[in-house]
Amino acid sequence: MKKILLALIVPAVMTACSENKPELHWYKGNLHTHSYWSDGDGYPEMIMDWYKTNGYNFVGLSDHNILAEGDKWIVVQKSPLYEKAFNNYLDKYGDKWVTFKNDTGRTQVKLKTYTEYKYLFEDDNFLIIKSEEITDRFEDKPIHMNVTNVQSLIQPQGGSSVTEVMQRNVDAVLKQREETGVPMFPHLNHPNFFYAVSTQDMIDLRGERFFEVYNGHFMVNNYGDSLHPSTEKMWDMINIAYLKKGQPLLFGLATDDSHNYHQFGSSYSNAGRGWVMVHTDSLSPTSLIRAMEAGQFYSSTGVILNSLATDDNEIEIEIRKEEGVTYTIESVGVVGNEESTKILKTVNDADAEFEVTADHRFVRARITSSKIKSNPFKEGEFEMAWTQPITYTPEK
Ligand SMILES: [Zn+2]
Ligand SMILES: [Zn+2]
Numbered sequence: 004m005k006k007i008l009l010a011l012i013v014p015a016v017m018t019a020c021s022e023n024k025p026e027l028h029w030y031k032g033n034l035h036t037h038s039y040w041s042d043g044d045g046y047p048e049m050i051m052d053w054y055k056t057n058g059y060n061f062v063g064l065s066d067h068n069i070l071a072e073g074d075k076w077i078v079v080q081k082s083p084l085y086e087k088a089f090n091n092y093l094d095k096y097g098d099k100w101v102t103f104k105n106d107t108g109r110t111q112v113k114l115k116t117y118t119e120y121k122y123l124f125e126d127d128n129f130l131i132i133k134s135e136e137i138t139d140r141f142e143d144k145p146i147h148m149n150v151t152n153v154q155s156l157i158q159p160q161g162g163s164s165v166t167e168v169m170q171r172n173v174d175a176v177l178k179q180r181e182e183t184g185v186p187m188f189p190h191l192n193h194p195n196f197f198y199a200v201s202t203q204d205m206i207d208l209r210g211e212r213f214f215e216v217y218n219g220h221f222m223v224n225n226y227g228d229s230l231h232p233s234t235e236k237m238w239d240m241i242n243i244a245y246l247k248k249g250q251p252l253l254f255g256l257a258t259d260d261s262h263n264y265h266q267f268g269s270s271y272s273n274a275g276r277g278w279v280m281v282h283t284d285s286l287s288p289t290s291l292i293r294a295m296e297a298g299q300f301y302s303s304t305g306v307i308l309n310s311l312a313t314d315d316n317e318i319e320i321e322i323r324k325e326e327g328v329t330y331t332i333e334s335v336g337v338v339g340n341e342e343s344t345k346i347l348k349t350v351n352d353a354d355a356e357f358e359v360t361a362d363h364r365f366v367r368a369r370i371t372s373s374k375i376k377s378n379p380f381k382e383g384e385f386e387m388a389w390t391q392p393i394t395y396t397p398e399k
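All you need for our numbering is the position in the sequence shown, starting with 1, plus 3.
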């Protein structure tokens with residue numbers, strides 16, 4: 004009886020869904036950004052203006068252990084570079100908006116709060132998400148975790164090991180999420196910054212769904228070295244372990260971690276190096292977070308996709324081609340009981356389809372362009388994109 008009922012009900016539900024299905028869009032965003040509120044060297048309005056002008060739809064301004072609230076004054080550094088940057092800021096927004104004083108012989112500027120600056124920028128195509136970089140450490144190891152859509156400041160929680168520090172900070176975020184009912188998520192930043200966080204440290208974590216597979220700061224060692232795995236290798240090893248533990252797969256983000264807005268090159272952390280493209284129905288923190296937690300996004304350092312579908316045990320990719328540029332699309336996955344990932348298939352084209360079978364523990368795709376990235380994290384880097392890993396879903 005139950006089966007018959009289901010058979011009758013399901014088509015009706017499916018019709019209703021497809022009729023009411025909201026239209027999905029791709030939204031471009033950077034979830035890791037610094038300003039004068041901590042150790043970045045830009046005014047929030049100037050930074051937001053850069054991102055909005057450069058085609059981003061959302062930004063998380065995530066300063067170290069601080070939210071853009073209350074009074075904060077900065078002193079303009081005595082250098083032509085920073086004096087000019089202040090004059091540019093004053094010219095752009097005017098002395099009715101910019102609060103400053105010169106009574107000590109130095110220019111001091113009062114920073115605008117999140118509540119003040121967000122209304123200058125937000126519209127149907129641009130959103131600023133309240134964020135924080137919880138900046139903690141264990142002994143000499145820096146441990147940084149971003150919180151996207153944080154509602155009130157979370158102090159670094161500390162702990163007696165690298166994993167415990169991370170776990171206590173993850174738990175503090177999840178607690179605030181539960182208490183407020185507001186969706187927010189932690190993500191582990193740059194694990195290879197001072198090689199502070201090992202693969203095993205992350206394997207021992209519970210409740211962490213995201214980490215930075217690519218961070219644009221010049222000190223973060225995305226590609227590892229002779230003694231340490233790359234963040235991409237770590238990602239796969241963590242996911243093999245997470246599946247064994249019955250934990251959801253970890254998703255990989257690309258972010259800027261931008262601090263420097265007036266000097267550029269491989270010894271500065273500049274805006275525009277890494278971002279995510281999220282596929283969802285509307286531009287709101289709730290909608291973006293829901294889509295990201297469902298893996299409906301990819302990470303990029305330059306490659307843009309016209310379409311990406313990860314339904315029906317298939318990954319289908321179509322790249323937005325650039326003149327004179329070639330692309331290598333690889334599927335990366337784990338087969339059977341193997342203990343590491345391998346390249347399952349390579350396609351030298353601008354579109355590809357990869358099948359996910361019951362033999363695969365998980366599969367993801369990686370796209371490498373022949374185009375050298377301008378102002379890269381590391382000289383000689385090619386533009387890339389990473390899709391999120393998926394597992395095989397048995398047919399119903
Ligand atoms: Zn950091
Ligand atoms: Zn940072």
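Virtual Cβ for every residue (Gly too), placed ideally from N, Cα, C.
For residue i, I'd like the list of residues in its chain whose CB is within less than 7 Å of its CB, leaving aside the five on either flank, ordered along the chain.
| i | result |
| --- | --- |
| T289 | P186 |
| F221 | S269, S270, Y271, S272, F380 |
| K31 | G58, Y59, N60, W278, M280 |
| P25 | D284 |
| F124 | M51, K55, I131 |
| L27 | H282, T283, D284 |
| N195 | V223, N224, N225, G227, H231, T234 |
| A88 | H265 |
| I241 | T202, M205, I206, L253 |
| V79 | Y85, E86, F89, R109, T110, V112 |
Enumerate in chain order the residues of its own chain whose CB-to-CB distance from residue i is below 6 Å, with the five nearest sequence positions on each side excluded.
| i | result |
| --- | --- |
| T371 | T331, F385, M387 |
| Y75 | Rather than Tyr, the amino acid found at residue 75 in this sequence is Lys. For K75, where only same-chain residues beyond five positions count, the Cβ hits under 6 Å are L114. |
| S310 | E321 |
| V350 | I332 |
| T313 | I393 |
| V101 | L93 |
| Q391 | F254, G298 |
| R276 | G219, D259, F380 |
Quick one: what's got a C-beta closer than 8 Å to residue i's C-beta in the same chain, skipping five residues either side?
| i | result |
| --- | --- |
| G383 | I375 |
| L246 | L252, R364, F365, T394 |
| V165 | F141, K144, I146, A199, V200, S201, D204 |
| M148 | E136, I137, D139, M169, N172, V173, V176, P189, H190, L191, N192 |
| L11 | Its pLDDT being 40, under 50, L11 is placed unreliably in this model, and the value from its coordinates should be taken loosely. Result list for L11: empty, nothing under 8 Å. |
| K99 | none |
| N91 | M49 |
Grouping DSSP H, G and I as helix and E and B as strand, with all else coil, what is residue i?
| i | result |
| --- | --- |
| R171 | helix |
| A19 | Note that A19 scores a pLDDT of 42, beneath 50, so its modelled location is shaky; the value from the coordinates is reported in the next line. Residue state, collapsed to three classes: helix. |
| N91 | helix |
| S290 | helix |
| M51 | helix |
| N242 | helix |
| K324 | coil |
| T202 | helix |
| Q179 | helix |
| V306 | coil |
| I12 | Unreliable placement is indicated for I12, whose pLDDT of 41 sits below 50; the coordinate value is still reported in the next sentence. Of the three classes helix, strand and coil, the one that applies to I12 here is helix, per DSSP. |
| V279 | strand |
| V101 | coil |
| Y122 | helix |
| T396 | coil |
| K115 | coil |
| M148 | strand |
| E341 | coil |
| V165 | helix |
| Y330 | strand |
| T258 | strand |
| T234 | helix |
| Y301 | strand |
| F267 | coil |
| E136 | strand |
I think residue i touches residue j, with their Cβ atoms under 8 Å apart; what is that distance to the nearest whole Å?
| i | j | result |
| --- | --- | --- |
| D260 | N224 | Actually they are not in contact, since the Cβ atoms of D260 and N224 sit about 13 Å apart, beyond 8 Å. |
| E135 | L156 | 6 Å |
| L177 | G227 | About 29 Å separates the two Cβ atoms, so there is no contact after all. |
| D403 | H193 | Nothing about residue 403 can be read from this structure; the chain reaches only from 4 to 399. |
| L34 | K133 | So it is not a contact: roughly 12 Å between Cβ atoms. |
| A257 | Y264 | With 8 Å as the limit, A257 and Y264 do not qualify as a contact, their Cβ atoms being about 19 Å apart. |
| G255 | W238 | 5 Å |
| I206 | A244 | 4 Å |
| V216 | S302 | 6 Å |
Examine chain C for any beta-carbon lying closer than 9 Å to the beta-carbon of residue i, and answer yes or no.
| i | result |
| --- | --- |
| F129 | Of the protein chains in this structure there is only one, and it is not chain C. |
* To do: Examine the Cβ distances between the stretch 59-74 and the stretch 115-132 and report whether three or more of them are shorter than 8 Å.
  => Contact holds between the stretch 59-74 and the stretch 115-132, because three or more Cβ pairs, one in each stretch, are under 8 Å apart.
* For the stretch 98-112 and the stretch 131-145, state whether three or more C-beta atom pairs, one from each stretch, are separated by less than 8 Å. => In short, these stretches do not touch, since the Cβ pair count stays below three.
* **Validate contact between the stretch 81-96 and the stretch 44-51 using beta carbons, cut 8 Å, 3 pairs** => Contact between the stretch 81-96 and the stretch 44-51 is present, because at least three Cβ pairs lie under 8 Å.
* Jot down the residue ranges of each uninterrupted beta strand (DSSP E) in the stretch 353-393, minimum 3 residues, whole runs only, in chain order. => With a minimum length of 3 residues, the continuous beta strand (DSSP E) runs that stay inside the stretch 353-393 are 354-358, 363-375, 385-390.
* **Contact the stretch 342-357 vs the stretch 318-327: 3+ CB pairs below 8 Å** => The answer is yes - the stretch 318-327 touches the stretch 342-357, with three or more Cβ pairs under 8 Å.
* Any alpha helix (DSSP H) of 4 or more consecutive residues that is wholly inside the stretch 24-84 -> Here the runs fully enclosed are 47-56.
* Asked: Of all the alpha helix (DSSP H) runs that stay within the bounds of the stretch 202-228, which reach a length of 4 or more residues?
  -> Within the stretch 202-228, the complete alpha helix (DSSP H) runs of at least 4 residues are 202-206.
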